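Residue numbering for the sequence shown follows the UniProt record's numbering, starting at 1 and increasing by one per position. No residue lacks a Cβ here, since even glycine has one placed at the ideal position from N, Cα and C. Bear in mind that the values here come from a model prediction, so they are computed numbers and not experimental data. Structure first, commentary second.
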Amino acid sequence: MSNIVIILTTEKQAELASYYASSRVERNAPGVIFAAKLSDTSITSYKSGKAMFQGNGAERESSKWGKPNAATTKTTSSKGDKLPPNFEQLSVMGSDETGTGDYFGPVTVAAVYVPADKIALVRELGVKDSKMLTDDFMRQIAPDLMQALPHSILTVRNEKYNTIQARGWSQGKIKALMHNQALHNVLGKIAPEKPAHVLIDQFAERGIYYNHLKNEKTIVKENVLFATKAEQLHVSVAAASILARYAFLKEMDRLGDLIGFDLQKGASKKVDEMAARILLSKGEATLKSMTKWHFANTQKAQAIAAKKRS
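Set out below in structure tokens:
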């Protein structure tokens, strides 16, 4: 998969927006003036005059708007295993995770099997790279995906996360075990059918991933591929990303209900301030029960709370 960036005049940007109007999607990222999503290509036009084409069809679509050259084009590839031809049309089981960078809330992993004859349906439901979708839209389509596709969703809540992290488990190990279990669960659901391939959104090199699993009784290895930006390579990973996000949001809702207000996502200064507020009003045990305690946010929140006490 390629990412190609070219420079367009204002007139060309208007032409591009008109040409892809029927495939338009909303993107609220800074500087974006237009975005579209085709079956194999994401197109984003910026105020700066840059237009970015991402996906397997990037070269085809970008060539309609300008001849690539060293001054205007940057091409990068998704890292990982080489994928077979027409991979996006094959029956694939994909897996992805979310929540690993958020101070509040769990780590969630989902695996989803999308047989070739359901790819069109999944796209029709609106499945695409979750970074291009709002949380509200993912909440909307996740139940339909869960009904239509064999899947497995695993959630490690904060109390368990903190316990196993304190034993020395890295996030990489936690994620590897969750991916392997979710994939194994889905394989059991679809047996004796098998996917043509399994695609894991890569967070570790193959050798490191399988080293984390060396003590597991069952390890999913057959036809497994690893790739970064895998959500853009097959709808199975995009669907898995949506379901993982859906599970994360549901757990954040539960925690918010317990504390009495919505929790801030991410690991920003706002998160530090919210954590300090909880620390002062509810105490350390409550804060620990809803956070990834080893994050630097804990010390920052403690420092903010100490200042407010003094």
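- DSSP places Thr-100 in the coil class of the three-state scheme, outside both helix and strand.
- DSSP places Val-156 in the uninterrupted beta strand (DSSP E) bounded by 151–156.
- Note that the C-beta distance between Gly-105 and Phe-248 is below 7 Å.
- In this structure Leu-154 does not touch Leu-213 by the C-beta definition: roughly 15 Å separates them, more than the 8 Å allowed.
- In the same chain as Ser-91, and ignoring 5 residues on each side of it, the C-beta atoms closer than 6 Å to its own belong to Pro-115, Ala-116, Pro-195 and Ala-196, in chain order.
- Between the region 39–57 and the region 3–16, the count of C-beta pairs closer than 8 Å reaches three or more; the two stretches touch.
- Tyr-113 is not a Cβ neighbour of Val-198, given a cutoff of 7 Å.
- Beta-bridge pairing by DSSP links Lys-50 to Ile-7.
- Of the candidates Phe-137, Leu-133 and Lys-175, Leu-133 places its Cα closest to the Cα of Asn-28.
- Per DSSP, reduced to three states, the secondary structure at Gly-172 is helical.
- If you check the CB distance, Ala-182 and Val-109 come in under 7 Å.
- In the three-state scheme derived from DSSP, where H, G and I count as helix and E and B as strand, Asp-201 is classed as strand.
- Distance from the CA atom of Ser-22 to the CA atom of Glu-159, rounded to whole angstroms, is 46 Å.
- Pairing Ser-62 with Leu-16 gives a Cβ-Cβ distance that is not under 7 Å.
- Per DSSP, the continuous alpha helix (DSSP H) segment holding Thr-286 begins and ends at 284–288.
- In the DSSP assignment, Phe-248 falls within the alpha helix (DSSP H) that extends over 235–259.
- With at least 16 other beta carbons inside 10 angstroms of its own, Gln-264 counts as buried.
- In the structure shown, Tyr-19 falls within a helical segment according to DSSP collapsed to helix, strand and coil.
- For Gly-57, the secondary structure class from DSSP, reduced to helix, strand or coil, is coil.
- Counting only the Cα atoms, Lys-307 lies some 46 Å from Asn-215.
- Excluding sequence positions up to five before and after Thr-286, its CB lies less than 6 Å from no other CB in the same chain.
- Between Ala-240 and Asp-40, the C-beta gap is not smaller than 7 Å, which leaves the two residues out of contact.
- Look at the beta carbons and you see the region 203–211 touching the region 161–178: at least three pairs across the two are nearer than 8 Å.
- Measuring C-alpha to C-alpha distances from Ala-230 to each of Leu-83, Lys-50 and Glu-222 identifies Leu-83 as the nearest.
- Here the alpha carbons of Phe-34 and Leu-258 stand approximately 40 Å from one another.
- The beta carbon of Leu-243 sits closer than 8 Å to the beta carbons of Ala-110, Val-112, Ala-142, Leu-145, Met-146, His-151 and Ile-153 from its chain, once the five residues preceding and following it are set aside; these are given in chain order.
- Cβ-Cβ distances below 7 Å link Lys-12 to Trp-65 in the same chain, with the five nearest sequence neighbours on each side left out; the list follows chain order.
- Asn-180 is classed as buried because its beta carbon has at least 16 other beta carbons within 10 Å across all chains shown.
- Less than 7 Å separates the beta-carbon of Asp-272 from that of Asn-297.
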